[in-house]
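S.K.: In the numbering used here, the protein residues as written are -4 to 266. Glycine included, C-beta positions come from ideal geometry on N, C-alpha and C. Before I ask anything, let me first share the structure, which is written out below as structure tokens.
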């Protein structure tokens, strides 16, 4: 992290006074300074591009200072070692205790399974969420600020687990509508969602398969809404090639004034 030298004319922007007569000047970039991440990314990106000139048959994924190499073919070990040796010669400060290998591995919190072409979150992250949900459900209440922070973990997981995304909406809506400093009982919907997520994560590392979708297997959804002086409703159905509409899943919901009076609050003359 301290390999990026800072120009002398810019060093004054990242100084701090340790005592009345002692000034600390940082002459290199670190992740403690926001601009350092930009220069670190440019420097390491250049190193990785040079690595491709040495070994063309390698795929490199870089996030901050974490790198994931993907190699294949009969010479995969030679190619991998060649890239590592080249980057050592370039001065990349590897943390050897963090090295991992194989077709299944954790990287920046995600779990990658190349043998099954699946992606998800690591067992450690899954178990943390399972324990947190279990404790919250047992207590029957949650601190809103804490839930707001945990939603960040859920959002991180949903980047790989697409099936999680629809269930986060109600939780975001509830957190936005109540005071952040409050300790509140869990609404029924939030309890049901947390129970569902708990069941999803309770078996360890949670993954979702990555696959090529057959064009013949495409599904389209059609929906429409209606409104009158006395009725408001929405409906839709799923359309799939080769399937009759009679066999297609559908839904329809009518919302009365008793259920949602705010839909009718402007009056019949302004509907």
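So, at 6 angstroms on beta carbons, what are the nonlocal neighbours of residue 56 in its own chain, with the 5 sequence-adjacent residues on each side left out?
M.R.: Same-chain partners within the cutoff: 63.
S.K.: Could you tell me whether any non-hydrogen atom of the ligand PLP is closer than 8 angstroms to the CB of residue 241?
M.R.: In the structure on display, the ligand PLP does not appear, and there are no ligands present to speak of.
S.K.: So what's residue 163 in DSSP terms, helix, strand or just coil?
M.R.: DSSP places residue 163 in helix when its eight states are reduced to three.
S.K.: Grab the span of the alpha helix (DSSP H) containing residue 5 for me, first residue to last.
M.R.: Where residue 5 is concerned, there is no enclosing alpha helix (DSSP H), given that its DSSP letter is neither H nor E.
S.K.: Would you kindly check if the distance between the Cβ of residue 165 and the Cβ of residue 192 is under 9 angstroms?
M.R.: In this structure, residue 165 does not lie closer than 9 angstroms to residue 192 by Cβ.
S.K.: Give me, in chain order, the residues of the same chain whose beta-carbon lies closer than 7 angstroms to that of residue 20; leave out the 5 immediate sequence neighbours on both sides.
M.R.: The residues are 6 and 10.
S.K.: Report the start-end ranges of each alpha helix (DSSP H) in the stretch 126 to 177 that is 4 residues or longer and not cut off at the edges.
M.R.: If we require 4 residues or more, the alpha helix (DSSP H) runs fully inside the stretch 126 to 177 come out as 139 to 153 and 160 to 172.
S.K.: My assumption, with CB atoms under 8 angstroms, is that residue 96 sits in contact with residue 201. Please give the rounded CB distance.
M.R.: About 22 angstroms; that fails the 8 angstroms criterion.
S.K.: For residue 247 and residue 230, what's the separation of their Cα atoms in angstroms?
M.R.: The straight-line gap from Cα to Cα measures roughly 4 angstroms.
S.K.: Looking at residue 177: is its Cβ nearer than 9 angstroms to the Cβ of residue 139?
M.R.: Closer than 9 angstroms, so yes.
S.K.: Assign residue 251 to one of three DSSP states: helix, strand, or coil.
M.R.: Three-state result, residue 251: coil.
S.K.: Suppose you measure from the CA of residue 232 to the CA of residue 155; what does that come to, to the nearest Å?
M.R.: Approximately 28 angstroms, taken between the alpha carbons.
S.K.: Determine the direct distance from the alpha carbon of residue 2 to that of residue 143, and round the result to whole angstroms.
M.R.: When rounded, the distance between both Cα atoms is 40 angstroms.
S.K.: Once you ignore the five residues that flank residue 124 on each side, which residues in its own chain have a CB closer than 6 angstroms to its CB?
M.R.: The answer, listed in chain order, is 196.
S.K.: Would you mind working out which of 175, 99, 189 and 42 sits nearest residue 149, comparing C-alpha positions?
M.R.: Checking every option, the nearest Cα to that of residue 149 belongs to 189.
S.K.: Jot down the residue ranges of each uninterrupted alpha helix (DSSP H) in the stretch 67 to 107, minimum 4 residues, whole runs only, in chain order.
M.R.: Segments of the alpha helix (DSSP H) lying fully in the stretch 67 to 107: 71 to 84.
S.K.: Pull the bridge partners of residue 234 from the DSSP assignment, please.
M.R.: The partner list for residue 234 (beta bridge, DSSP) reads 215.
S.K.: With C-beta atoms as the reference, is residue 214 less than 9 angstroms away from residue 258?
M.R.: Cβ distance not < 9 angstroms, so residue 214 and residue 258 don't count as in contact.
S.K.: I'd like the span of the beta strand (DSSP E) that includes residue 13, first residue to last.
M.R.: Element bounds for residue 13: 10 to 14.
S.K.: Quick check on DSSP: helix, strand or coil for residue 61?
M.R.: Here residue 61 sits in strand by DSSP.
S.K.: Does DSSP put residue 194 in a helix, in a strand, or in coil?
M.R.: If DSSP states are grouped into helix, strand and coil, residue 194 belongs with the helices.
S.K.: Nearest-angstrom Cα distance between residue 146 and residue 163?
M.R.: Each residue's alpha carbon lies about 8 angstroms from the other.
S.K.: Helix, strand or coil for residue 182? Go by DSSP, reduced to three states.
M.R.: Coil.
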